[in-house]
Every structure is written in structure tokens, then in C-alpha cells.
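Residue numbers (UniProt numbering), protein chains in the order written: chain A, 1 to 736; chain B, 1 to 220.
Cβ atoms here follow ideal geometry from the backbone N, Cα and C, with glycine treated the same way.
As the structure is a prediction and not an experimental result, all values here were calculated from the model.
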Amino acid sequence: MKFDSPATTNPIDRLKVIGQPLDRIDGPLKTTGTAPYAYERHDIVADPAYGHVIGATIAKGRITGMDLSAAERAPGVLAIVTAQNAGTLTKGNYNTAHLLGGPDIQHYHQAVALVVAESFEQARAAAHLVRIDYKAEPGSFDLHAAKGAATAPEPNDLTGPIDTHVGDFPRALAQAPVRLDETYTTPDHSHAMMEPHATLARWEDDELTVWTSNQMVAWSTGELATTLGIPPEKVRLISPYIGGGFGAKLFLRADVVLAALGARAAGRPVKVALQRPLIANNTTHRPATIQRIRLGAERDGTITAIGHESWSGDLDGGGPETAVGQTRLLYGGANRMTSMRLAVLDLPEGNAMRAPGEAPGLMALEIAMDEMAEKLGMDPVEFRIRNDTQVDPEHPERPFSARPFAQCLRLGAERFGWDRRNARPGQTRDGRWLVGLGMAAGFRNNLLMKSGARVRLDSRGIVTVETDMTDIGTGSYTILAQTAAEMMGVSMEQVRVVLGDSSFPVSAGSGGQWGAASSTAGVYAACVKLREEVARKLSFNSADAEFVDGEVRVGNRTARLQEAAADGDLVAEDSMEYGDITEKMQQSTFAGHFVEVAVDSATGETRIRRMLAICAAGRILNPKSARSQVIGAMTMGAGAALMEELVVDTRRGFFVNHDLAGYEVPVHADIPHQDVIFLDETDPMSTPMKAKGVGELGICGVGAAVANAVYNATGVRVRDYPVTLDKHLDRLPDVA
Amino acid sequence: MQRFPETGLSRRDLLAAGAVSVAAGTTGRSARAEGAPLAASANDAVAVEPTRMKVGFTVNGTVKELDVDTRTTLLDALREQLHLTGTKKGCDHGQCGACTVMVEGVRINSCLTLAVMHEGDAITTIEGLGRPGELHPMQAAFVKHDGYQCGYCTPGQICSSVAVLAEIEAGIPSHVTEDLTARPQLSAEELRERMSGNICRCGAYSNIIDAITDVSRSPA
């Protein structure tokens with residue numbers, strides 16, 4: 001099915017199931033520990049061998065020697081995989097560095113060997129007996145030092161244009177009566193999902209099956225085949241439960257390749273989980289940025305010049321962090337420029353992490369907006385609304401499909417008690433605490449991806465949905481069941497959903513907040529076909545058939561749904577794809593983030609007291625699971641604001657704090673009760689579901705809202721994330 | 001001083017013994033194993049056959065007799081030998097709390113303890129609290145309040161939640177308890193402090209606190 005004109009009324013609009021705050025259907029499995037993750041498939045493979053990954057201990061250079069002899073003689077060892085004995089491996093399109101390094105080393109903790117043994121303990125012990133000699137080469141590890149040598153990267157679908165110019169930015173800025181020119185920095189971030197990358201691999205003759213933890217089943221199935229040099233039809237990838245991803249599991253990673261190679265070498269199934277201390281350097285991360293923002297405005301707050309430049313780094317052949325993207329669309333202004341520059345760094349591979357581009361981009365832009373509002377003597381909410389736009393500012397012929405941005409901010413201000421904020425910073429005290437309120441805009445584009453599904457009706461009236469879509473905690477199982485239940489007129493109990501298997505129709509997968517809207521549209525398309533099949537089987541006129549309460553009705557004729565499958569299952573398969581509808585109109589999602597913090601006047605420690613997000617993201621398919629997506633993203637954004645930073649050793653080129661003790665993420669004590677309000681909205685330009693993505697919107701802007709609240713509390717502006725106490729302690733107001 | 005009943009060793013004795021074995025590991029030929037840095041000279045090291053021991057303990061009310069490599073953590077014994085995979089391995093270093101189980105009613109990180117240290121202990125895992133269709137009230141509250149997303153930290157969060165309510169009931173103070181001589185309050189602040197060893201990267205904290213609060217208020 002092709003979506004190329006705005007959605008009209010369809011069965012989803014009944015909202016009997018869609019739009020209801022239903023409990024997740026996978027809840028009983030997850031809360032009892034019975035949902036099987038990749039490393040836990042005792043039900044399928046009774047006696048796997050265990051692999052232990054060895055990571056390179058240099059950032060750049062060569063392996064000059066490997067002595068495997070002691071390890072090979074160690075008890076229980078079955079095989080040791082290295083680049084020397086693995087055969088030819090081809091790098092996939094989505095990876096920048098090789099997943100098995102050697103002799104050349106491209107980054108620290110690049111995998112260089114897998115030791116396979118009968119037990120986990122034996123594999124781990126033997127891995128410590130492998131001796132590797134390296135010749136290290138100098139590398140470039142410091143973004144600030146490499147910034148001057150950064151160049152314009154090649155544009156692609158992910159980056160969009162590298163530089164944009166509208167009007168005469170330098171002149172408008174020079175003439176503006178109120179100006180801002182500041183530089184902000186964001187550090188490297190680690191996804192730090194709770195389940196390590198893990199894979200169980202089994203060969204049966206030349207056919208490979210991997211049970212793994214991956215967000216994008218079709219991508220990674222293809223990449224695994226490419227890497228191993230085998231036909232894609234010989235690879236099956238199964239990923240029904242994923243213990244968090246946030247972008248870390250978008251692509252094929254070393255666990256999959258090494259498990260497959262280890263299983264081939266050992267002649268039996270092998271399972272591999274990346275050890276936690278390897279993950280930060282072995283896998284991908286969100287790259288650090290340096291961002292310069294220049295704003296010029298009239299005294300009434302109208303922006304006349306807006307410029308955003310971003311520098312980031314990656315391995316040779318990698319891409320930029322697209323931190324300027326939102327600045328092209330979020331605010332009006334006749335004279336504009338954006339620019340991205342990319343430095344070659346020999347750090348581990350940079351790549352997508354939750355809301356790539358917007359998350360760090362808004363961390364900078366929305367502090368700049370706060371600073372500019374203060375220069376103008378305007379309220380930060382009013383300043384943003386003053387510069388709202390209903391069209392793409394770079395291409396005014398393109399309207400937004402829906403843009404209730406001002407409503408988000410106004411409602412948020414009202415609900416949060418924004419009028420109680422003292423615009424003069426550092427003035428509000430609560431005992432030993434300095435108290436501040438901050439806000440920021442949230443913005444993330446709605447991305448849509450072709451997505452397919454198969455639906456089956458059986459003689460008991462059970463509807464089964466099969467798609468290679470994944471559920472990374474987002475609620476895919478539940479919203480796909482809701483979609484099928486609504487379309488087929490059955491209860492949730494009548495629907496089964498089976499996900500994450502490459503033998504199923506190819507879906508959008510989970511990433512870029514495209515999963516929910518795209519994958520439900522795919523199930524919608526398949527259900528439209530199934531409805532036609534059912535009507536035909538029952539000799540009903542399909543155009544008029546109503547599917548409700550387990551029945552099919554046309555006029556005064558009624559049949560039980562399952563009668564259509566009395567002599568065999570009915571199966572329908574289709575996918576939803578998109579015409580140029582997204583080019584004619586800009587589809588985006590919007591938020592207003594409001595945060596209250598308290599900063600200890602003596603120690604400088606920041607505690608978040610309240611958080612509120614107002615979100616506009618089209619129809620909300622399940623308000624319960626959608627709210628969870630938003631509070632989770634707000635939590636990650638709070639981490640980015642206050643604590644998260646991969647610390648670079650600029651001499652040896654690696655992330656020093658590469659585990660969950662050193663890389664601090666928010667814990668319970670850091671996060672207060674969080675409020676989320678969704679605007680009641682539908683977007684018929686998006687899909688027949690009239691929904692848009694919401695999984696990343698919650699992180700977009702929230703970090704700046706925290707930083708702005710800290711400034712309001714202390715009067716000290718920190719432009720270098722994370723806003724840790726050492727950056728403002730020496731300038732805090734005197735303790736009363 | 002705390003004594004370890006099965007060995008008669010004090011904690012200080014145990015630490016001293018540990019220090020000796022570490023020292024031996026850097027000079028001797030037999031003791032090098034876990035934790036030895038990769039940079040250490042590996043080619044003169046010789047791996048020894050693993051030491052195996054029998055150990056018996058009760059898991060969720062059922063007696064289990066195991067023959068384990070002495071290096072096996074309680075976590076790996078549960079997951080790999082007993083196939084009780086509800087207890088999760090998030091970090092294997094006691095940093096994340098995904099492996100939380102209850103031993104004799106006290107919550108611990110099962111990755112930081114060896115299976116052979118639990119002779120005779122009664123261990124409760126997530127599988128011992130409830131199962132689909134017969135959920136423990138805390139499991140049901142997590143579902144109702146959507147106190148989870150990816151599900152990987154969830155069993156640990158739930159085991160900790162159950163234990164936290166018991167700790168407060170038993171009058172055990174926490175870092176945020178204002179008055180150490182009074183009964184700790186069942187406040188959100190107390191719950192957040194006590195739950196902070198269980199990381200949820202999906203960020204379900206706000207809902208988890210709602211779930212625990214809901215259970216704490218319902219009649220036992």
C-alpha cells in the first residue's frame with residue numbers, strides 16, 4: 001500500500017483499542033523474567049560453548065605478534081578466532097571500522113580475538129593467557145585540537161545538506177541591535193543499555209541462525225551475510241526481546257560476527273556477550289560536539305539572523321553528528337546559516353544515539369535561546385513563541401503538516417507555574433538550596449520508513465501478526481496488537497504478535513523514532529488486505545464491511561469473523577510505503593520542557609525537583625507506553641545535562657570511564673516524579689494511523705531545560721556539558 | 001567483627017588472605033587467572049584445571065545440588081546451570097543491579113558472590129516471586145504502572161523493591177533517613193535512595209516508584 005495523500009476516516013479512528021492506555025502485553029513475561037533474551041536460549045540450544053572477547057589495548061597501530069599457545073592449551077578451550085584464521089571478512093555498509101580487527105587496529109577495544117571454551121569461566125581465564133604485542137601509532141584523539149583541520153563531510157541521506165545559507169546572515173547579524181555569539185560543547189555519550197550486546201550462533205551445514213539483540217533485523221541480517229561472504233538467504237536473525245538499544249544495536253556488532261565465527265570454528269553453537277567494560281570503546285557512541293551559535297534580533301525579540309555551526313569527529317570514513325538539523329526548522333528568521341564540519345579522530349566509532357543530531361544540537365541551541373531572551377529582557381517562553389514559524393524557514397513553500405509548538409509552550413508554562421519564576425537568576429532560596437526554573441523547546445522530525453507485516457486469521461478467530469519489527473522497550477508488541485485488534489474488530493486477547501525474526505516481512509525496525517508510526521502503518525496495510533480476504537470469503541462487499549466485536553457486518557447481514565477461516569487460515573501480507581508527501585510538507589514533533597532544580601549553595605550539587613514535558617506527536621497510540629517513552633528520554637536527557645560524559649584519554653585515545661561505575665547515568669535518586677501531557681492531535685499527513693514518533697522527542701531539549709534551570713538557580717552560565725558542580729562552584733552566590 | 005560462619009574467618013582475615021593470593025598471582029605460576037591484567041606476562045603462565053566443588057542451596061524453595069567450577073558466580077550458576085535466566089547479567093561487576101536476588105531474605109548482587117559461598121542458603125529469584133498468570137503484587141504493580149520498558153533491569157528492580165519494603169518494615173535506616181532512631185518513613189525519597197543500586201537506562205524510575213508506593217499502601 002502506498003501512502004501518497006492525506007489519511008481520511010478509517011477503522012483506526014474508532015479508537016476502541018488504539019489510543020487506550022493499555023498495559024503492555026509483554027508485561028507478564030518481562031516482570032517475571034520469562035521473556036527470553038539472546039543469551040538465554042536454553043530452550044533452543046542445550047549445550048552452547050562460551051566465547052570471551054579480547055579487545056585491542058591500543059587505539060591505532062598494528063598487532064605485531066599474537067601468542068595463542070598458552071590459551072589453546074588451557075582447560076576447556078575449543079577454538080580461538082582471530083583475523084588471521086577467520087577467513088575473509090567484508091566490512092558491512094553500516095560500520096565504519098572492522099568488527100574483527102587485526103593486524104591493523106582502528107580503535108581501542110576493537111575486537112581482536114574470541115576465545116571459545118566449554119564454560120564461561122574457562123573462556124575468560126584462557127583469554128587472559130593470550131599474549132598480544134602491538135606497535136602503537138600516534139593518532140588524533142582530541143576534538144578541540146583537531147577542530148581546525150575539520151572539513152565538510154560528504155552529504156548523504158542521514159546528514160542532509162552540510163551547509164545552508166538563506167538571505168545575508170553576516171550583514172543581518174552585524175546590523176542586529178541585540179546579538180549573541182557563544183560556543184557550547186557536548187561530550188561523547190554512551191548508550192549504556194542494560195543488556196550487553198549478545199548473540200547465540202548456530203550453524204546447520206551452511207545455514208546460520210543467530211539469536212541476538214538488534215534493533216534492525218533486516219539491516220543486520222544483510223550485513224552479517226555480507227561480512228561472512230555468504231548468501232543472505234542462508235542467514236536467519238532472531239531478536240524478539242532487546243534489553244535496550246538507544247541506537248547501540250542499530251547495526252551489526254562484534255558479538256554477532258564473533259559468535260558466528262566461533263561457532264564455525266568450534267563446530268557447535270557458541271554464545272557471546274560483550275563484557276561490560278568493552279562496550280563503551282568496542283561499540284558506537286554519540287560523538288562530542290563543539291557548537292557555535294550566533295543570534296541577532298530586533299529589540300522586540302524578532303530573530304533576524306540565526307547561525308549554527310557544529311564540529312564533531314569520527315574515524316576516517318565516518319560521519320558528522322548532525323547537531324544543526326533542528327536549527328534549520330525550529331525558529332523563523334530571514335537570514336540564516338548552518339554548517340557542519342568533521343574532524344578525523346582515532347577514537348571508537350561515532351554513530352547514532354537516541355535523537356542523533358537534535359539531542360546535542362538542542363542542548364546548545366536552547367541555552368542560546370535562553371541567553372538571548374535574557375539579553376532582550378524577554379520571557380524565554382514568549383521569545384520562542386515570537387519566533388514560531390508555520391513553514392520551513394529555509395523553504396517557505398513547505399508548510400508544517402501540523403505545528404502546535406506555541407500551544408506546547410503555553411500549556412507547559414501554565415501547568416508548571418512558570419509565572420512563579422524569578423527572571424533574575426540566583427535570587428530564589430529554599431534553606432540551603434538555590435532554586436531555579438528552566439524551560440526549552442523540544443523538536444524532532446517525524447521519519448517514516450517502509451514497513452511490512454503478515455496477518456493471519458485462524459478458525460478460532462485468533463489474529464496473529466508477524467513482522468521483523470523489534471520491541472526495544474518501546475511497546476511495539478502492544479501497539480501492533482492494538483492496531484490489529486482495531487482493524488479486525490477483535491479484543492486484545494484475540495491478537496498474537498510475533499516479532500524480530502528475519503523470516504518475517506521486513507519492517508521499519510526501531511530507530512530514529514520512526515518505529516511506532518511506521519510499523520503500525522505496515523500492520524494497518526496488511527489488515528486492510530486481510531479484511532478484503534475475509535469479506536471475499538464471506539461473500540460480503542468488502543467496501544461496506546464493518547469489523548466489530550468479533551463480527552463482520554454489512555447492512556443487516558452478520559457473520560462471526562472466524563467463519564471466514566473455517567476451512568483454513570486466511571493470510572494477508574502487505575507493507576506501507578510513502579510517496580513524496582513528506583517532501584511537500586515538513587512533518588515534525590514538538591515539545592515544551594519545564595524543569596525545576598535546586599542547587600546546593602555550599603557544594604554546588606544540582607538536584608532536579610520537577611520535570612514536565614508537553615508533547616505534540618500526532619495521535620498517541622497508547623498513552624501509557626508513549627508516556628514511558630517520554631519520561632525515559634527525559635531521564636536520559638537529565639543525565640546528559642548533569643552527569644554523562646565519556647572521558648577521553650587524549651594521549652592513548654580511549655574512553656577512560658568504560659563501565660557503569662565510571663560512566664554515570666541517572667539512578668532513582670536523581671529523578672523526581674515526571675509529568676507528561678500529550679496534546680490531543682492527529683496528523684493525517686503522516687500515515688493512516690495519524691500518529692508520529694515520540695520515542696526521541698522526550699530527550700530533545702530537556703538537557704537545555706535543566707541547564708537553564710541551573711542558571712536560573714545560580715546565575716552562573718555553564719556552556720560546557722555536563723553541568724557538574726566543579727564548573728560553577730567557585731562562582732555561586734555567597735552562602736547566606 | 002562480622003564472622004563468616006562456614007569458615008570461621010573474620011572479614012579482615014579474608015581480606016588478608018585475598019591480598020596474599022593476589023601477591024602470589026603476580027609471581028607464581030599457578031594462580032594467575034581472573035583479573036590479571038592483559039599486560040602481565042602471559043606466555044609464562046600456565047592454566048590449571050579448574051577446581052570443582054559441590055554446593056547445595058535452596059532456590060525458590062527447591063533444593064539444588066550443583067557441581068561447580070569454584071569461579072562460578074551465583075549469577076552464572078543460576079543462569080547457566082539452573083537455567084533461571086530471569087536474573088540478568090548487565091555488568092558482571094556489581095554496578096547495575098540487574099542481577100539482584102534475595103539470599104536469606106537480603107538482597108544482593110548475585111554477580112559479586114561465588115556460588116560455593118552459598119552452601120545451605122535459601123535464595124529467592126524473580127521466578128520465585130510469581131509467574132505469568134500468578135503475578136506477585138509487585139510484579140502486577142510494575143505492569144499496571146508501566147514500571148519497565150526493555151525489561152532487562154526489571155527482575156532486579158522487582159527483587160530490590162520487595163526487599164526494600166521489607167528493609168523499611170524492619171526499621172533499617174538509609175542514607176536519607178533523617179532520624180536514625182525513628183522508624184524510616186515510606187517516602188518517595190526513601191524509596192529512591194534505596195533503589196539507587198538498580199539502574200534502569202530506559203528511565204522508568206518515576207513509574208517504578210509509583211509501583212512500589214502502590215504496593216506499600218495496599219493491605220498485605
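Query                                                                                                                          : Result
Cβ-based neighbour list, residue 21/A, same chain, cut-off 7 angstroms, excluding 5 preceding and 5 following                  : 622, 623, 624
Contacts that residue 241/A makes with chain B (C-beta to C-beta distance below 9 angstroms)                                   : 150, 151, 152
Where residue 21/B sits in the DSSP three-state scheme                                                                         : Residue confidence is low: residue 21/B scores 38 on pLDDT, short of 50, so the model does not pin down where it sits. No coordinate-derived value is stated.
7 angstroms Cβ cutoff, residue 53/B in contact with chain A                                                                    : no
Partners in chain B for residue 594/A, counting only beta-carbon separations shorter than 9 angstroms                          : By Cβ distance, chain B contributes nothing, its closest Cβ being about 15 angstroms from residue 594/A, past 9 angstroms.
Cutoff 7 angstroms: residue 30/A Cβ touching any chain B Cβ                                                                    : yes
Whole-Å CB distance - residue 604/A paired with residue 703/A, under 8 angstroms assumed                                       : Actually they are not in contact, since the Cβ atoms of residue 604/A and residue 703/A sit about 18 angstroms apart, beyond 8 angstroms.
Test: residue 217/B CB closer than 7 angstroms to a CB of chain A                                                              : no
CA-to-CA distance, residue 203/A to residue 443/A, given in whole angstroms                                                    : 45 angstroms
Under 8 angstroms by beta carbon: chain A residues contacting residue 60/B                                                     : Result: empty, since nearest Cβ-Cβ is about 11 angstroms, beyond 8 angstroms.
Against chain A: residues of the region 201-215 of chain B by CB proximity under 9 angstroms                                   : 201, 202, 203, 204, 205, 206, 207, 208, 209, 210
Closer than 7 angstroms to chain A by CB, residue 25/B                                                                         : Residue placement at residue 25/B is flagged as unreliable, the pLDDT there being 32, under the threshold of 50; a coordinate-derived value is accordingly withheld.
Chain A contact for residue 173/B (CB, 7 angstroms cutoff)                                                                     : no
Residues that residue 123/B contacts on chain A, provided the C-beta gap is smaller than 9 angstroms                           : Ordered by position in chain A, no residue passes the 9 angstroms Cβ test against residue 123/B, which lies about 14 angstroms from the chain.
Contiguous alpha helix (DSSP H) assignments of at least 4 residues, all confined to the region 513-593 of chain A              : 515-537, 581-584
Those runs of the beta strand (DSSP E) which lie wholly inside the region 317-393 of chain A and span at least 3 residues      : 335-344
Assigned exposure category for residue 15/A - 16 Cβ within 10 Å defines buried                                                 : exposed
Which of helix, strand or coil DSSP assigns to residue 5/B                                                                     : Here residue 5/B scores only 42 on pLDDT, less than 50, and its place in the model should not be relied on; the value that follows carries that caveat. Note: residue 5/B maps to coil in three-state DSSP.
Straight-line gap, residue 27/A to residue 252/A (C-alpha atoms, nearest Å)                                                    : 28 angstroms
Test: residue 603/A CB closer than 7 angstroms to a CB of chain B                                                              : no
In chain order, each alpha helix (DSSP H) run of at least 4 residues that lies wholly inside the region 151-200 of chain A     : 169-175
Nearest-angstrom Cα separation, counted from residue 131/B out to residue 84/A                                                 : 47 angstroms
Burial state of residue 98/B, where buried means 16 or more other Cβ atoms lie within 10 Å                                     : buried
Straight-line gap, residue 280/A to residue 565/A (C-alpha atoms, nearest Å)                                                   : 51 angstroms
Other residues of its chain near residue 171/B: CB distance less than 6 angstroms, five sequence neighbours each side excluded : 183
Integer-rounded CB distance, given that residue 110/B should sit under 8 angstroms from residue 74/B                           : 4 angstroms
Sub-7 angstroms separation of residue 628/A and residue 146/B beta-carbons                                                     : yes
Proximal residues, the region 180-197 of chain B versus chain A, C-beta separation under 9 angstroms                           : 188, 189, 191, 192, 193, 194, 195, 196, 197
Residue 148/B - DSSP class collapsed to helix/strand/coil                                                                      : coil
Neighbour flag for residue 56/B against chain A, beta carbons, 7 angstroms                                                     : no
Proximity of residue 199/A and residue 236/A at Cβ, strictly below 7 angstroms                                                 : no
Assumed close pair residue 343/A, residue 311/A - CB separation to whole angstroms, cut-off 8 angstroms                        : 7 angstroms
Beta-carbon neighbours of residue 479/A, restricted to chain B and to distances below 9 angstroms                              : Simply none; closest approach about 13 angstroms.
Closer than 7 angstroms to chain B by CB, residue 42/A                                                                         : yes
Residues sharing a beta bridge with residue 297/A, DSSP                                                                        : 178/A, 303/A
Beta-carbon spacing of residue 700/A, residue 362/A below 7 angstroms                                                          : yes
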